[in-house]
Amino acid sequence: MIKSFFGTIFRWLGFAFCAGVSFGALVFAINKLYSAIQADIDVSLMIEAGLGLGIAGFMGWNAMQLFTSRFFHKTVEKVSKPSTNTSRPKPDRHKSTPKTTTNSKFKSIAIDGSNVFLRRDPNLLVLHMMVVSLLEMGHEVHVFFDANIYYVMQDSGIVFSGNGNHHNQIAEAFGIPATDITIVPGGSQADHFILPFADKPNGVVVTNDRFSEFSDEFPWVTHKKRLAKFDVVQNHLLIPRFNMKVELV
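The sequence shown finishes on residue 249 if you use the UniProt record's numbering, and the numbering steps up by one all the way, no holes.
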């Protein structure tokens with residue numbers, strides 16, 4: 001603050017000195033010019049007048065520089081100098097912060113595979129068309145099955161080819177990439193894997209289950225847009241949440 005004060009004083013003194021010298025030199029030059037004219041354009045007087053004008057111009061320019069520096073220095077510095085304040089700005093309470101919502105175009109969809117397969121009459125085509133259609137829409141899709149799905153499918157009359165890995169056999173039976181399905185470990189329920197997977201702003205679960213027993217841990221299960229119901233009507237798969245109507249062929 002003291003440094004700034006003395007700087008201002010020196011600028012004012014410099015301005016006064018330069019302005020005074022400039023004015024004096026200008027008066028001197030005018031006087032010499034007048035004398036030169038009176039003496040029928042005396043060369044020596046003309047030279048002295050020219051020197052006076054030069055000094056007046058030079059000192060006048062310096063005075064102007066000091067004057068503009070005095071009044072505009074701080075303004076220019078504020079505009080041109082980048083801020084060194086690295087602290088984060090405080091949020092404006094009157095402005096809402098943009099948030100990702102379930103209205104985003106593409107969803108992360110968890111399909112309750114066992115629930116879909118066991119709907120009324122077990123049918124491989126329903127789940128297959130569901131996955132294919134959702135993938136074609138651009139959504140991320142993953143299917144979760146209970147641990148006993150292999151034996152449930154066998155009891156439903158599904159015949160598996162070969163004696164390979166159950167995971168791959170199930171994926172092949174539904175016509176779904178093996179990487180897009182999860183068969184939960186024995187003693188576990190698929191619900192405990194489905195809900196954490198869909199626990200994100202754009203997460204949706206395709207199921208006819210209500211998951212009401214999980215509402216304390218996952219409050220969003222009570223939101224109708226987060227649980228997408230499905231049905232099969234007149235050989236068409238319907239999922240109103242996605243405006244889907246697909247013929248089962």
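Glycine included, each C-beta is placed from N, C-alpha and C at the ideal position.
Residue from 137, 111, 208 and 57 with nearest C-alpha to residue 183
111
Residue 142 and residue 180 look like a contact to me (Cβ under 8 Å); what is the Cβ gap, rounded to whole Å?
6 Å
Determine the direct distance from the alpha carbon of residue 228 to that of residue 243, and round the result to whole angstroms.
11 Å
Which of helix, strand or coil does DSSP assign to residue 209?
coil
Cut-off 7 Å between Cβ atoms - residues of its own chain near residue 207, not counting five sequence neighbours on either side
112, 115 and 227
What are the boundary residues of the beta strand (DSSP E) that includes residue 144?
140-145
Of the listed residues 222, 177 and 118, nearest to residue 151 (C-alpha basis)
118
Between the Cα of residue 30 and the Cα atoms of 46, 18, 39 and 17, which residue gives the shortest distance?
46
Report the residue ranges of all beta strand (DSSP E) runs contained in full by the segment 153-203; include only those spanning at least 3 residues, in chain order.
181-183
Buried or exposed, going by whether 16 or more other CB atoms sit within 10 Å of the CB of residue 176?
buried
For a test of the three-state rule: what should DSSP assign to residue 224, helix, strand or coil?
coil
Mapping the DSSP letters down to three states, classify residue 336 as helix, strand or coil.
Outside the displayed range of the chain (1 to 249) lies residue 336, so it cannot be described from this structure.
For residue 232: DSSP bridge partner residues:
237
Taking the alpha-carbon of residue 168 as reference, which of 233, 62 and 178 has the nearest alpha-carbon?
178
For residue 108, the first and last residue of its enclosing beta strand (DSSP E):
108-112
On the DSSP letters alone, give me the boundaries of the alpha helix (DSSP H) that residue 217 sits inside.
Run containing residue 217: none; DSSP gives neither H nor E here.
C-alpha distance - residue 218 paired with residue 234, whole-angstrom precision:
34 Å
What is the DSSP secondary structure of residue 25, reduced to helix, strand or coil?
helix
If distances are taken between C-alpha atoms only, which option among 222, 120 and 134 comes closest to residue 106?
134
DSSP-derived helix/strand/coil call for residue 137:
coil
Please classify residue 249: is it buried, with 16 or more other beta-carbons within 10 angstroms of its beta-carbon, or exposed?
exposed
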